[in-house]
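Colleague: First the structure, which I've put down as structure tokens, then a few questions once you've had a look.
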Amino acid sequence: MDTFSAVAQYALVALTAENLMFCLTGVFIGTLVGVLPGLGPVGAISLLLPVTFQLQPASAIILLAGIYYGAQYGGSTTSILIRIPGEASSVITCLDGYKMALKGRAGAALGISAIGSFIGGTFAVVGLMLLAPPLSKLAIAFGPPEYFALLVLGLFLLAFLGTGSRSKAGIMAVVGLMIGTVGVDMTTGERRFTAGSLSLMDGISMALLAIGIFGLGEIISTIADRSRGMRDVIKTKISNLLPNSEEWRRSIGPIGRGTFLGFALGILPGGGAVISSFASYAIEKRRSKHPEQFGEGAIEGVAGPETANNAATAGAFIPLLSLGLPANAVMAILLGALQIHGVQPGPLFLNQHPDLFWAIIVSMYVGNVMLLVLNLPLVGIWVQLLRVPYDLLFPLIITFAVIGTFSLSGSTADLVIMGIAGLAGYWFQKLSYDPAPLIFGVVLSPLLENAFRQSLILSDGSIGIFLERPIALTFLIVAILSFTSVIWWPLVERLRATRSAAR
Amino acid sequence: MTPSDDKDRCSGVLVLAIAAAMIPWSLTLPIGTVNSPGPGLFPLILAVLLAILSVGLIVEQVRGGFNTKLIVEIVREEGAQVAVFCALYFAYALTFERVGFLLSTGIFLVLVYVLVLRKGIVAAIACAVFVTVPIYWIFDRLLSVSLPAGLLG
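Residue numbers (this note's numbering), protein chains in the order written: chain Y, 1 to 503; chain P, 1001 to 1153.
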């Protein structure tokens, strides 16, 4: 069945009244968490994860995915109006978006941001639709050694492309993998690291950790540093949401480039929305005839990054749906959510669950249209929400976190583990440890261990199996090169400089 | 020595200690053989890897000498707020089932408002009721998420 016949056949799953409602709810919550600084899409998705356990898999993923790409739309609003990014991927928008607002062009900045996000998001979904099926077909040939090498590559790329120290990212990934080994070993039935506790027999739930680290951890950080919750909304009239003809002319190129760049970077583990927005800004500034205008209210500095970060969100679904490899923390949580529903994303996903695959894609088209409607005409409502004091928001977040955790297993022990995870999340922030690789590790740990053990059994105990199979070897070489580039890249640069000096 | 170096070194030592504890713990599990790996092999490899990475992190900033000044500063500036909040949270978590959602959440929020956020008692009670009652109604009654009734049950 070709792509378009499949879309036609399975589109109806996404277009049922129930799923349309979940899509609208998801993009609405996404915009909300994007607008409100303090709780990002990872936290919001973690908090809502337990609620989705009662839903059909398609409805659950449509809702959670909507929060993810909806947050990218909403994140720009706070960047432009209060110079506080609602989302990490909107940090760069603060530079020119806020300056545009100060110059009375807040409406145009918000407008181009929403329109760029719509274009980037929609075209990237087309890319997802066209690229994911052939990639799945290619990956069907993967055996345990290739899959093991692919997962290692994913973890290494996350450390390589992620923000901050590679050693720390590596540590977090390994700690996550170790947490993933807690509980009963599925192969031998042996209890591992349970310390005699019955509640640890099933392992430590990824949802529990995510709620604690991203939800409660954020609350503790904000309570500890009260200045973080303070916001001063710009007192400007927001009108003329459509940019003028000159602004349109200047935005078309950045939107086009941002779409391709965001989509390509979104596919890479660790890449995603944050890197793509920074990369887009850097490219637009370098290409501009007036780079001095960047940082002073250049519309290209809003159009490019906002398009790129939305395109990246769709790109991130490609490795998840076709390889079972999450590209970022949100994708890791979505992978966990699908596993809880008994669905394993990966090469066989498209064949086994075509309805779910195409429902996710179609819902993203629909969601992007909903977001355009939510973000342009209703921008005034989102601005009003910015004036809600944090003191009223944090009890809501805590209560949702507690209900979400308790509903997982009805156990007080889970609330305690969530509290410990929250405290750890606070310290991760203080010590600059990115928690995304940890969540990655927790989700991938059983898959990685299975692939590792199966590979060794297949090869009768020979580690050489990873070196004899070309695909696995290639993945491992790329993984090692990327992780060790911090050592060899400066040497290459120095050699190059010496050679050019000698010439 | 930059501030982050100091924090990295301290956290590196902590991670190394965790790795050092995990290695013998992993060895208590059957390691198996290479052609039939046991449940302890993968955790053991991870613990060794963790030890290597933590040493790497410490070595990256080895020149500055070890001191814990910055961590102490964080604890001094934010420690009291965080400690009070965490104490309240863990008390709340441990009594949640027995006391029930409405009472435990309400009391927890009032105490957080008064003791951590320094709000007046009337405003604290108003905010706690404003949050707790509608959420209980939505989840317990509307969405049928079973929340413990506790002392009110």
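Think of the CB as a built atom: it goes at the ideal place given N, C-alpha and C, for glycine as much as any other residue.
#1: In angstroms, rounded to a whole number, what distance separates the CA positions of S482 of chain Y and L155 of chain Y?
#2: Return the chain-ordered list of same chain residues with a C-beta closer than 6 Å to the C-beta of G217 of chain Y, the five sequence neighbours on each side being excluded.
#3: Excluding the 5 residues flanking P326 of chain Y on each side, which residues of the same chain have their C-beta closer than 6 Å to its C-beta?
#4: Based on Cα-Cα distance, which residue from Y:I340, Y:Q352 and Y:G297 lies nearest to T93 of chain Y?
#5: Distance check for I223 of chain Y and E1077 of chain P, CA to CA, integer angstroms please.
#6: Where do the N-terminal and C-terminal ends of the alpha helix (DSSP H) with Q72 of chain Y fall, by residue?
#7: I think G143 of chain Y touches P243 of chain Y, with their Cβ atoms under 8 Å apart; what is that distance to the nearest whole Å?
#8: Is the beta carbon of V35 of chain Y closer than 8 Å to that of L386 of chain Y?
#9: Assuming V402 of chain Y and D96 of chain Y form a contact by the criterion Cβ under 8 Å, report the distance between their Cβ atoms to the nearest whole angstrom.
#10: Determine the DSSP secondary structure at G441 of chain Y, reduced to helix, strand or coil.
#11: Just verifying my parser: in three-state terms, what is the DSSP assignment at V1059 of chain P?
#12: Comparing the C-beta of L32 of chain Y with each C-beta of chain P, is any distance below 8 Å?
#13: Return the residue from the list Y:T52, Y:M21, Y:A17 and Y:I67 that minimises the CA-CA distance to V330 of chain Y.
#14: Tell me the rounded alpha-carbon separation between A210 of chain Y and L444 of chain Y.
#15: Spatial neighbours of L1050 of chain P within its chain, please: C-beta separation below 6 Å, excluding the five flanking residues on both sides.
#16: Relative to the alpha-carbon of E190 of chain Y, which residue among P:G1032, P:P1024, P:V1013 and P:S1011 has its alpha-carbon at the smallest distance?
#17: CB-CB under 6 Å to S363 of chain Y, same chain, minus the five flanking residues each way: which ones, in chain order?
#18: Determine the chain P residues that contact A224 of chain Y at a beta-carbon separation under 7 Å, and present them in chain order.
#19: To test your reading of the DSSP string, which unbroken beta strand (DSSP E) runs of 3 or more residues are found completely within the stretch 279-318 of chain Y?
#20: In chain Y, which residues lie less than 9 Å from I1107 of chain P when you measure between Cβ atoms?
#21: Once DSSP output is grouped into helix, strand and coil, what is the label at P1148 of chain P?
#22: With a threshold of 8 Å between beta-carbons, can S167 of chain Y be considered close to chain P, or not?
#23: Rounded to a whole number of angstroms, what is the C-alpha to C-alpha distance between T16 of chain Y and L338 of chain Y?
#24: Under 7 Å between beta-carbons, which chain P residues line up against F452 of chain Y? List them in chain order, please.
#25: Secondary structure at P1037 of chain P, three-state DSSP: helix, strand or coil?
#26: Is L1014 of chain P near I171 of chain Y, with beta carbons less than 8 Å apart?
#27: Helix, strand or coil for V184 of chain Y per DSSP?
#28: Going by the CB atoms, is the gap between T31 of chain Y and W382 of chain Y shorter than 8 Å?
#29: Please go through the same chain and pick out, in chain order, the residues whose beta-carbon is closer than 6 Å to the beta-carbon of L177 of chain Y, but skip the five residues on each side of it.
#30: Check the Cβ of P1037 of chain P against every Cβ in chain Y and list those closer than 8 Å, keeping chain order.
#31: Measuring only the C-alpha atoms, how far is G304 of chain Y from F118 of chain Y?
#32: If the cut is a Cβ gap below 9 Å, which residues of chain Y does L1117 of chain P touch?
#33: Using the beta-carbon count (16 or more within 10 Å), is E449 of chain Y buried or exposed?
#34: The alpha helix (DSSP H) with L208 of chain Y in it runs from where to where?
#35: Residues of chain Y with CB under 7 Å from V1034 of chain P, in chain order?
#36: Quick check: the Cα distance between G1065 of chain P and F260 of chain Y, rounded to an integer number of angstroms?
Modeller: For this structure:
#1: Looking at the two C-alpha atoms, the distance is approximately 11 Å.
#2: G422, G425 and Y426
#3: The beta carbon of P326 of chain Y sits closer than 6 Å to those of L320, A332 and L335, all from its chain and outside the five residues before and after it, given in chain order.
#4: Y:G297
#5: If I take the Cα positions, the gap works out to 12 Å.
#6: P57 to I82
#7: That belief does not hold up - the Cβ atoms of G143 of chain Y and P243 of chain Y are roughly 52 Å apart, past 8 Å.
#8: yes
#9: Cβ-Cβ separation between V402 of chain Y and D96 of chain Y: approximately 40 Å, too far for a contact (criterion under 8 Å).
#10: helix
#11: helix
#12: no
#13: Y:I67
#14: Between A210 of chain Y and L444 of chain Y, the C-alpha separation is close to 14 Å.
#15: A1019
#16: P:G1032
#17: A14, C23 and I62
#18: E1078, Q1081 and V1082
#19: none
#20: Near I1107 of chain P there are no residues of chain Y at all, since even the closest Cβ is about 12 Å away, more than 9 Å.
#21: coil
#22: yes
#23: 20 Å
#24: F1042
#25: Three-state result, P1037 of chain P: strand.
#26: no
#27: Of the three classes helix, strand and coil, the one that applies to V184 of chain Y here is strand, per DSSP.
#28: Result yes, Cβ atoms of W382 of chain Y and T31 of chain Y sit closer than 8 Å.
#29: Residues of the same chain with a CB within less than 6 Å of the CB of L177 of chain Y, apart from the 5 flanking positions on each side, are G441 and S445 in chain order.
#30: F452, R453, L456 and I457
#31: 12 Å
#32: I223, R226, D391 and F394
#33: buried
#34: Under the DSSP assignment, L208 of chain Y falls in the alpha helix (DSSP H) whose first and last residues are M206 to A210.
#35: L456 and G461
#36: Unreliable positioning characterises G1065 of chain P in this predicted model, as indicated by a pLDDT of 48, which lies under 50. The coordinate reading is nonetheless provided below. Going from the Cα of G1065 of chain P to the Cα of F260 of chain Y covers about 47 Å.
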